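Down below is the structure, laid out as structure tokens.
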Amino acid sequence: MPARQKTKVIVLSSFLITAKLLSQAHNVSEGYQKPVDPVVAKNVEEWQDLKFGLFMHWGTYSQWGIVESWSLCPEDESWTQRKPEHGKSYYEYVKNYENLQTSFNPVRFNPQKWADATKKAGMKYVVFTTKHHDGFAMFDTKQSDYKITSAKTPFSKNPKADITKEIFSTFRKEGFKIGAYFSKPD
């Protein structure tokens, strides 16, 4: 076998062996593994029995009527359909999006109306997006100034400014199970 062909065989073999070894490095479970902790198991069982509930996305992006914060991802441009009036270039769009904080003022926010409607529909739980991928926190936090309770946000002066707290306490009072969606990347 010529030296050039031997080199190709060695490189290809090395690649295939490496790929095989790397694919074995991932521990994939054979199926669903029930939680061992009895408290966790009880909670999982309770949630599964609820069946019907509300997963609520709400944030500064609601002002523009757009798909959450996905429009900030340049690779998702084909389906997020950025509107030209929100910024001609991608960078202008992002800057304008981030400035939504300075105009977000949901003065008609009434979590009791939401809880009543949700209950009337027969729902049993609510999961609220406390922080979506854009990083805007719908709760009071010391970790960032990009939040509903920031002095930059007009709603921060409202007694119900900690929106997450208001939603959770209202829905709990009505007997709903509560879940918090919190996106780590921002």
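With mature numbering (1 follows the signal peptide of the UniProt record, and there is no 0) applied, the sequence shown corresponds to residues -25 to -1, 1 to 161, in that order.
We put the CB at the ideal spot given by N, CA and C, even for glycine.
None of these values were measured; they are calculated from a predicted model.
Is the Cβ-Cβ distance between residue i and residue j less than 8 Å?
i: lysine 140; j: phenylalanine 114; result: yes
i: glutamate 21; j: lysine 106; result: no
Since I believe residue j is in contact with residue i (beta carbons under 8 Å), could you give me their beta-carbon distance rounded to a whole number of angstroms?
i: residue 224; j: tyrosine 100; result: No answer is possible for residue 224: it lies beyond the span of the chain, which begins at -25 and ends at 161.
i: glycine 40; j: valine 102; result: That belief does not hold up - the Cβ atoms of glycine 40 and valine 102 are roughly 22 Å apart, past 8 Å.
i: lysine 127; j: threonine 77; result: 5 Å
i: isoleucine 138; j: phenylalanine 84; result: 7 Å
i: phenylalanine 79; j: glutamine 118; result: Not confirmed; about 19 Å, so no contact.
i: methionine 98; j: glycine 28; result: 5 Å
So the candidates are the options; which of them puts its Cα closest to the Cα of residue i?
i: leucine 47; options: Gly150, Val11, Ser64 and Gln23; result: Ser64
i: glycine 34; options: Lys117, Thr116, Thr104 and Ser158; result: Thr104
i: lysine 148; options: Lys88, Glu20 and Glu21; result: Lys88
i: proline 129; options: Met(-25), Val11, Pro59 and Asn74; result: Asn74
i: alanine 90; options: Tyr121, Pro134 and Met31; result: Met31
i: tyrosine 156; options: Tyr121, His108 and Asn133; result: His108
If you run the structure through DSSP and keep just helix, strand and coil, what is residue i?
i: phenylalanine 79; result: coil
i: lysine 132; result: helix
i: threonine 116; result: coil
i: valine 11; result: coil
i: lysine 94; result: helix
i: lysine 88; result: helix
i: isoleucine 138; result: helix
i: phenylalanine 155; result: In the sequence on display, residue 155 carries alanine and not phenylalanine. It is a strand residue.
i: phenylalanine 111; result: coil
i: threonine 124; result: coil
i: phenylalanine 27; result: coil
i: lysine 70; result: helix
i: lysine 99; result: coil
i: lysine 17; result: helix
i: lysine 148; result: helix
i: lysine -20; result: helix
For residue i, which residues from the same chain have a beta carbon less than 6 Å from its beta carbon, with the 5 sequence-adjacent residues on both sides left out?
i: proline 86; result: Glu141, Ile142 and Thr145
i: tyrosine 68; result: Arg57, His61 and Gly62
i: lysine 159; result: none
Got a sec? Which residues, its chain only, sit under 8 Å from residue i by beta carbon, not counting five neighbours each side?
i: lysine 70; result: Gly62
i: serine 125; result: Gln76 and Ser131
Could you name the residues of the same chain whose beta carbon sits closer than 7 Å to that of residue i, not counting the 5 residues immediately before and after it, in chain order?
i: proline 49; result: Tyr65
i: lysine 9; result: Ala16
i: valine 19; result: Pro10
i: alanine 136; result: Ile123, Thr124 and Phe130
i: proline 81; result: Phe130
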